[in-house]
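Heads up: the protein sequence lines correspond to chains R and Y, in order. Anchor point for the first sequence: position 39 equals 39 in the numbering used here, and the numbering is continuous, going up by one each time. Numbers in the numbering used here are just positions in the second sequence, counted from 1, shifted up by 1000. Reviewing the structure listed below.
There are 2 protein chains.
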Amino acid sequence: MIRLGKLTDYGLVLMSQIARRPAAEMHTARDLAVECHLPLPTVSKLLKKLLHSGLLTSHRGIKGGYNLARESQLISLAEIIAALEGPLALTECSMEITGLCDLESLCPIKDNQRIISQVIRGALEKVTLSDLIRPMRLTAIRDQKGNLVPTVSVASGRMQ
Amino acid sequence: MIRLGKLTDYGLVLMSQIARRPAAEMHTARDLAVECHLPLPTVSKLLKKLLHSGLLTSHRGIKGGYNLARESQLISLAEIIAALEGPLALTECSMEITGLCDLESLCPIKDNQRIISQVIRGALEKVTLSDLIRPMRLTAIRDQKGNLVPTVSVASGRMQ
DNA sequence: ATAAAGAGTACTAGAACAGTACTATTTCAT
DNA sequence: ATGAAATAGTACTGTTCTAGTACTCTTTAT
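So, in structure tokens, the structure goes:
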């Protein structure tokens, strides 16, 4: 079951906002709430989740706040989403992967859900937080059938 | 807002089941329900949706049934999912793409949701129904950080 | 000591999904 | 012609889960 809810979107907005500022700066939940136009309790809750997943560091007390645990280029969208939505439906199968699929064994998939999760996950692994905050170029190409296919290309030239 | 619910999964199972059989065969909702172990009313509802989206053809009356509207290689997962979940959150931006982004104009994205939708959509566009029914090879590679990254490679050698 | 910030828990209202039932319409076979 | 089997369409309902909110405790710098 794959899902990107409103809260996850908020979480991404928050992470982007933190990433946009200099790395040394601390960010309080209150400030982030104002900057992102989100209710404070919601922001608090999200930041806590992101903290527990190891994507943020926190400092308590006055002059406290949150900051990125790693550089933004090292944080993938898949990680952020997993932190907020729970493991991206790769629960059971990822267990098997470590044991079986490393050996290129054939996987008798009956659940399509797994394939799809992995395709999506693969795509999200490739996009990092830093890709999200820099302006991206949106191009539309036509496939062999003549349909418009939107393509997201990052400034660095990497293709998704 | 991206979501793959239970019903969408059922829909994919149904499409796979139809695609697995010879193209000439007709498939009644009743048969598919039995074969896929799903309740008949649910199957009916899903098939109707898929029909309206142009992914299936139908024939009424006794000896009626459903069939694929196109060959399975020409039906992408994105299409099936869009048929069952509604347009994959690419509502507004895809409109703009036709006009602006074709010209490689810079897109001042404030909603991350759009980027993500497009990344995911791009990934799902590449996988077809025929990819889904043939056995796939699941491999796990390690990235530069040492994390396991599951990768789905199709028998044809195409990479996702 | 105090004020400001994060940490943790619990509760509530609302929406959306999933499932079901019922009826009409079409078509082939007898 | 008639009946059976199939799709087509609509409406309803219960349950689950999300989103939002409130309150209290702990930590830390001034």
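No residue lacks a Cβ here, since even glycine has one placed at the ideal position from N, Cα and C.
Distances from the alpha-carbon of E35/R to those of T57/R, I120/R, L14/R and L51/R put L14/R closest.
When DSSP states are grouped into helix, strand and coil, S1076/Y belongs to the strand group.
For the pair A1082/Y and Q73/R, the Cα-to-Cα distance works out to about 31 Å.
Closest in alpha carbon position to L68/R, among I62/R, T57/R and S76/R, is T57/R. Here R1114/Y carries a helix assignment [DSSP, helix/strand/coil].
Any Cβ of chain R closer than 9 Å to the Cβ of L1077/Y would place that residue at the interface, and such an atom is present. In this model, L84/R and R1030/Y are separated by some 40 Å (Cα to Cα).
The three-state reading of DSSP puts L38/R in coil, since its state is none of H, G, I, E or B. Partner residues in the beta bridge of T1128/Y, as assigned by DSSP, are S1076/Y.
For L1051/Y, the closest C-alpha among the options H1037/Y, L1040/Y, Y1066/Y and R1060/Y is that of Y1066/Y. When V43/R, A23/R, H59/R and S53/R are compared, the shortest CA-CA separation from E79/R is found for S53/R. Note that the C-beta distance between L1047/Y and L1032/Y is below 9 Å. Close CB contacts of V1043/Y within its chain, under the 6 Å cut and outside five residues either way in sequence, are with A1029, L1032 and A1033 (chain order). Counting the other CB atoms within 10 Å of its CB gives H1037/Y a total below 16, which places it among the exposed residues. Assignment of G122/R by DSSP, reduced to helix, strand and coil, places it in the helix class.
Distance from the Cα of P39/R is smallest, within the candidate group G86/R, G122/R, Y10/R and I75/R, for Y10/R. Excluding the 5 residues flanking it on each side, L1132/Y has same chain C-beta neighbours closer than 6 Å at S1016, in chain order. Here the C-alpha atom of I116/R lies approximately 13 Å from the C-alpha atom of V1119/Y. With a threshold of 16 other beta carbon atoms within 10 Å, A19/R meets it and is buried. In the DSSP assignment, G1065/Y falls within the unbroken beta strand (DSSP E) covering G1065 to L1068. The Cβ neighbour count for R1114/Y, taken over all protein chains shown within 10 Å, is at least 16; the residue is labelled buried.
If you draw a straight line from the Cα of L129/R to the Cα of I75/R, it comes to about 6 Å. Taking 9 Å as the threshold, the shortest C-beta distance from L55/R to chain Y does not fall below it.
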